[in-house]
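Chains as they are written, first to last, in this note's numbering: chain A, 1139 to 1481; chain B, 1139 to 1481; chain C, 1139 to 1481; chain D, 1139 to 1481.
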């Protein structure tokens, strides 16, 4: 009946679609140099209180990750990431395909800490026989739905400064993070604390698109060359600027994320009330309950779609439920009712 | 007043937009494995009379080119291309960034011939000290608006067969080629004669998208791995399938291209009638007239936008005029009238 | 007074040098296609009882590793290695620089097992969103001096067969492994059990050189293209063939390795007799004792050179002592005497 | 009876060999950080009057080329080279395998000029849609035996300065160039005029080795990281320093090159005296006479070995004759006598 499989199952928010319709025959130059992209970039700079930031619009997250890493790093420099990090496992070696090693470290909650970063550095002796870890990659929300507090991100920034590292934050689900229970981070904080981060559009109301914000002291001047070389400049770049313009007008971006989070918490609370555990606490739009296998099968038989995160033991499975800007409240309530009926 | 700068200045044809609107809340799985992509792929296989073809949808041309070359070639294998080829000059070394050399050869009309291909092969001795040219890259229409006849493409195919080469046709402007005066090629011809080609959507009525058709005896099984590694799988892949479904229904794709060509020929004939020469004959949607510099400036002052192809001599410039599915007849007529008034 | 820092501190065994002198003015063709290389290759094929093996001579280990991995793997395929593996940590991302991910797994003794290999595979779901682990990289001796038994290598081979993986054995210190206490492997075993392995010359009596043996069902036909592309074909390739010819005549290769091992065991036994522990048991030419820091400083002050493996606690350090074909017995005895005097 | 095929057919000059023998059991640290390499580097800095130059020793030319290009260029930057340049045709795409495009230009005599360099620049518009040509690659001697005059190299330097380009000179046959008739360049000139160049050892008396001199304002600090990543740091680096120490003591390097050149001129004059033409004038150790096919066959039947450069017409072939430090005068005289007897 309903798919909780991910937050990119549907198209775009109606206001985003309407912007495409309204401007369809506007003639602009291509490749993201048009007035729409400039307007959206200005909007983002203002929201980030980062007047000197460079803004680039890319179509998707893997693209944004591989272009950024390749643009910032020299051949012998490497990435530090959580072993659950998207660049570590879910991008088919996209970073390595640009020539860079990803040094991973295990973390229970998907988040990096100064201690974890320093444990990676400690394994590298600074000689020419080893890569030089140079860029710390984090995601907010993380791959398992957790978020960084302001204190945590500030500590990472200090750690990066102390060791001459860049800090890059993958914001594919940034809307969900910034509107979550317990979040203390704002866009200006992100612009101040990271060297590069992005506002994910694909998973929060756009048809597609990630808005990259470069506000740190990193190589910037030829970023568009790196983009083009990787096939990451959209011909009708206007489409990206336009969508972000729509999303960032009147707070739509945050409103949509808040909606997704609220329904996720409704799911969390409803499931917890039925006695099912959550190995990791998430206040964002991904929830990972552990259910008996029979219940999982029952839900699937009812027509619900979701991802299997992993088997927990012989009779239990951790599943992933994802809500989005498009999830109807009724779908959540129906799911909870059906889940209750499994008991 | 009007931009003839390129064929991606506007959005999408209304029927394409409508398809996006109508299906906006359909939930599908991501990454191009959804029913819309399957339907569009089936449609393309039928139009190509190629039931065994693999169809992949990519966002843009540079992406399609770099992924295809990298997927087909081993590290030591190289591309043969015209020195005007898009992969040679206009993609910031995207092919080389995947590790492959592009061996170029000069050609007066933008087209490769068996003799030109063999001249490249003759410069390679088959030893381990040189790359092995393995893939012939052509574009139809070419970068200068010319098209391949069926005889020409058949001759290239024979040449490729004789030398164990792959034939890859960049169809960013394929609609314009297939509907041009003098064209003898059909989609089934292309599927039969090339190993890989694509139907360009970006420049012919879609918001974005290229539909890649792999019908030759090339490595196919892991094409999606190559796509993902290069950031070339769109999360909401459905958007690509849907647009091609709309374009390929009731011949819309060809109708749009025919419109662009007709207006280009109107431009060509009108300009020629005023006595201005065209160094290369084009029957497609790009026209390259040579105008006095004073006329060029006059047109620019009138508000017309177009690309400068190159200075021809101290007082003449070759410009590029591009029409598209969205070009209004009135814009063409106004341009010709303004041009006439320059004399 | 004496350096136990590594096994490449000196030049070549006199018989190797003599071969260079004797043939100095022989004219041969270049790039390893000469009669000396052919003779050495034939010798290796006979010693390996592998008449169909391809033999290639390379200058060094990092070169051999990166060329082999790149020649065997497709872009989306990855290496499985111990987290202590040379390719994982000591080659400045050389594998990643060819575009391939190295998937690492912790192992207490430097060795991979089927269970460890399968734990890596279990983290990959076979989809296009993840790399495909395809090649298992092991070293014999390992980076910490341990060796594979025949049963262990056979089990790895079965595991590789079961999962369609290649098995590649880095033999930079293969001589030491094959002549060690407890070794049950022979060259024919290695040729039969691995897809590719090499006999290290650099660390066992040659000036430089590694002899690569490709005996498995792997892509072979263009290996020399991969070598050339990576700058790994020596102009005077003859020098490599000649050195291996000298080393493999009358068992010199094994005699030299046996010498290194015997002195290493003398060190081990002498150090153990003084009561110092060895965290990992090694029967080969690298020994890793743990000594009080004051003893370490005393030895350094005496003029002994060796590498610091790692601090163990505030007052103890694990050091690495390496012997070679060139280590004189007297140096070992002097070291032990000086060590005894520290107590 | 004698091979004029190349200048790396034999081993090393006796004084080089003797240095290896004399120091065979010296213990040094590895990877080129030893006193021998330091001594040789100091010697080179003095000979070049370049006290601030960085000196690196590499095993071969392809390695030196690919490491240098990759170390100096950013991903989107490209090489400018003659279409006959070694990096363009004879290195199996080694440069492209590091991700960089080689932009080629035809030149009748193997040499680049400011006009040719600027013709390449003129084809690049400085936008993000094209690579940025950044490094000019030249060889001295060139691949066809010609040499740069001081005026020519100075003009190239000015051109590079005017356009912000690096100048890299491949000196695989630099000895031959510097000791040729008509040469006006010295090592200090090379150090002053280029950013990076190398003194080839492989083709001038060493077993192997190229000494790279970095004296320009180029990225230098992590050159050894780039070397290691490409497998281009020799474990027993001492062997490289030692050989260059021997070659650069008492002018041996120049003496050997002079010998090769003298015998080449003897060949040239003797062949010309027999009436055979030379399409390109060379005063260095490669000579390219055009001979009747019957004469070529006769010489081959007599046992002479040489490379076929290319067929000139149905009955004539251009061959390449190469002399070296090891070529005996008697071999040259015998060749000329046998050639005369063909008439």
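Built from N, CA and C at the ideal position, the CB exists for glycine as well.
Just the C-alpha distance for residue 1139 of chain A and residue 1309 of chain B, rounded to the nearest angstrom, thanks. To locate residue 1139 of chain A, count along the first chain from 1; it is residue 1. To locate residue 1309 of chain B, count along the second chain from 1; it is residue 171. Between residue 1139 of chain A and residue 1309 of chain B, the C-alpha separation is close to 40 Å.
Members of the stretch 1425-1453 of chain D that neighbour chain F once the beta carbon cut-off is set at 7 Å: Within the model displayed, chain F is absent; protein chains A, B, C and D are what it includes.
Entirely within the stretch 1258-1320 of chain C and at least 3 residues each: give me those beta strand (DSSP E) ranges in chain order. 1270-1277, 1304-1308
Counting pairs of beta carbons, one from the stretch 1293-1301 of chain B and one from the stretch 1393-1404 of chain B, are three or more of them closer than 8 Å? no
Bridge-paired residues (DSSP) for residue 1565 of chain A: An answer regarding residue 1565 of chain A cannot be provided, because it is not within the stretch 1139 to 1481 covered by chain A.
Comparing alpha-carbon positions, which option in C:1204, C:1237, C:1211 lies nearest residue 1229 of chain C? Here the question's residue 1229 of chain C lines up with position 91 in the third chain. Closest by alpha carbon: C:1204.
Does residue 1195 of chain B have its Cβ less than 8 Å from a Cβ in chain A? By one-based count along the second chain, residue 1195 of chain B stands at place 57. By this cut-off, residue 1195 of chain B is not an interface position.
Taking all protein chains shown into account, do 16 or more other C-beta atoms lie within 10 angstroms of the C-beta of residue 1381 of chain C, making it buried, or fewer, making it exposed? Within the third chain, the letter at position 243 stands for residue 1381 of chain C. Looking at its Cβ environment, which holds 16 or more other Cβ atoms inside 10 Å, residue 1381 of chain C is buried.
Give the residues from the stretch 1216-1231 of chain B that approach chain D closer than 8 Å (Cβ to any Cβ), ordered along the chain. 1216, 1227, 1228, 1229, 1230, 1231
Just to confirm, does residue 1295 of chain D get its C-beta within under 7 Å of one of the non-hydrogen atoms of the ligand GTP? The ligand GTP is not among the ligands present in this structure, which contains no ligands whatsoever.
With a CB to CB cut of under 7 Å and the five nearest residues on each side skipped, what residues in its chain are close to residue 1166 of chain A? As a working mapping, residue 1166 of chain A is identified with position 28 in the first chain. Cβ neighbours of residue 1166 of chain A beyond the five flanking positions: 1172, 1173, 1174, 1376.
Reduced DSSP category for residue 1175 of chain D - H, G, I as helix; E, B as strand; rest coil: The count along the fourth chain starts at 1 and reaches residue 1175 of chain D at position 37. In the structure shown, residue 1175 of chain D sits in a helix (DSSP, three-state: H, G or I).
Can at least three beta-carbon pairs, one atom from the stretch 1411-1423 of chain D and one from the stretch 1449-1460 of chain C, be found at a separation below 8 Å? no
In three-state DSSP terms, what is residue 1371 of chain D? Locating residue 1371 of chain D in the fourth chain gives position 233, counting from the first residue. Here residue 1371 of chain D sits in coil by DSSP.
Can you name the start and end residues of the beta strand (DSSP E) that residue 1473 of chain C belongs to? Walking along the third chain from the start, residue 1473 of chain C turns up at place 335. Looking at the DSSP string, residue 1473 of chain C is not in any beta strand (DSSP E); the run it does join, the alpha helix (DSSP H), is 1467-1480.
If you measure from the beta carbon of residue 1214 of chain D to each beta carbon in chain A, is any gap under 8 Å? Numbered from 1 along the fourth chain, position 76 holds the residue referred to as residue 1214 of chain D. With 8 Å as the cut-off, residue 1214 of chain D counts as an interface residue toward chain A.
Could you tell me whether any Cβ in chain A is nearer than 8 Å to the Cβ of residue 1262 of chain D? Translated into the one-based positions of the fourth chain, residue 1262 of chain D becomes position 124. Taking Cβ atoms only, chain A never reaches closer than 8 Å to residue 1262 of chain D, which makes this a no.
Applying the 10 Å Cβ sphere with the 16-neighbour rule, what's the burial state of residue 1237 of chain C? Within the third chain, the letter at position 99 stands for residue 1237 of chain C. By the 10 Å Cβ count, residue 1237 of chain C comes out buried.
Could you say which of D:1477, D:1191, D:1314, D:1293 lies nearest to residue 1440 of chain D if we only look at CA atoms? Here residue 1440 of chain D corresponds to residue number 302 of the fourth chain, with the count starting at 1. Among D:1477, D:1191, D:1314, D:1293, the Cα nearest to that of residue 1440 of chain D is on D:1477.
Given a limit of 8 Å on CB to CB distance, which residues of the stretch 1361-1381 of chain C reach chain B? 1362, 1363, 1364, 1365, 1366, 1367, 1371
Cβ shell of residue 1161 of chain C (< 8 Å), same chain only, five flanking positions each side left out: Here residue 1161 of chain C refers to the residue found at position 23 of the third chain. So the list reads 1174, 1376, 1380, once near-sequence residues are dropped.
Determine, for residue 1234 of chain B, whether the minimum Cβ-Cβ distance to residues of chain C falls below 8 Å. As a working note, residue 1234 of chain B is residue 96 in the second chain. It does not; no Cβ of chain C falls within 8 Å.
Mind checking the stretch 1250-1284 of chain D against chain A and listing, in chain order, the residues whose C-beta falls within less than 9 Å of any C-beta there? 1265, 1266, 1267, 1268, 1269, 1270
Can you have a look at residue 1485 of chain A and say buried or exposed, based on whether 16 or more other CB atoms are within 10 angstroms of its CB? The displayed coordinates of chain A run from 1139 to 1481. Any statement about residue 1485 of chain A would go beyond what the structure contains.
So that I know if they touch, is there some Cβ in chain B lying closer than 8 Å to that of residue 1288 of chain D? What you label residue 1288 of chain D is simply residue 150 of the fourth chain in a count that begins at 1. For residue 1288 of chain D, the answer is no, since every Cβ of chain B falls outside 8 Å of its Cβ.
If you reduce the DSSP assignment to three classes, tell me which class residue 1197 of chain A lands in. Residue 1197 of chain A sits at position 59 when you count from the first residue of the first chain. DSSP places residue 1197 of chain A in coil when its eight states are reduced to three.
Going straight from the alpha carbon of residue 1233 of chain B to that of residue 1216 of chain C, what length do you get? For the purposes of this step, residue 1233 of chain B is taken as the residue at position 95 of the second chain. For the purposes of this step, residue 1216 of chain C is taken as the residue at position 78 of the third chain. So the alpha carbons of these two residues sit roughly 22 Å apart.
Per DSSP, residue 1141 of chain C forms a beta bridge with which residues? Your numbering for residue 1141 of chain C matches position 3 in the third chain. DSSP lists C:1443 as partners of residue 1141 of chain C.
Can you name the residues that DSSP bridges to residue 1240 of chain A? By one-based count along the first chain, residue 1240 of chain A stands at place 102. Answer by DSSP bridge pairing, in chain order: A:1217.
Based on the DSSP output, what are the partners of residue 1454 of chain D in its beta bridges? In the fourth chain, the residue the question calls residue 1454 of chain D occupies position 316. Partner(s): D:1430, D:1451.
So is residue 1387 of chain A buried or exposed if we call it buried at 16+ other beta carbons inside 10 Å? Here the question's residue 1387 of chain A lines up with position 249 in the first chain. Exposed, since its Cβ has fewer than 16 Cβ neighbours within 10 Å.
Going by beta-carbon coordinates alone, are residue 1391 of chain B and residue 1283 of chain B separated by less than 8 Å? Taking the first residue of the second chain as position 1, residue 1391 of chain B is located at position 253. Taking the first residue of the second chain as position 1, residue 1283 of chain B is located at position 145. Not a contact, by the Cβ cut-off of 8 Å.
At a CB-CB cut-off below 7 Å, which residues of chain B make contact with residue 1239 of chain D? Along the fourth chain, one-based indexing puts residue 1239 of chain D at 101. The answer, in chain order, is 1231, 1234.
Give a yes or no on contact between the stretch 1283-1292 of chain A and the stretch 1318-1332 of chain A, applying the rule of three or more CB pairs nearer than 8 Å. The answer is yes - the stretch 1318-1332 of chain A touches the stretch 1283-1292 of chain A, with three or more Cβ pairs under 8 Å.
Do the stretch 1346-1357 of chain C and the stretch 1428-1436 of chain C touch if we need at least three Cβ pairs shorter than 8 Å? Taking one beta carbon from each stretch, the stretch 1346-1357 of chain C and the stretch 1428-1436 of chain C have fewer than 3 pairs nearer than 8 Å; the two do not touch.
Going by C-alpha to C-alpha distance, which of B:1289, B:1331, B:1322 sits closest to residue 1307 of chain B? Working through the second chain from its first residue, we reach residue 1307 of chain B at position 169. Closest in alpha carbon position to residue 1307 of chain B, among B:1289, B:1331, B:1322, is B:1331.
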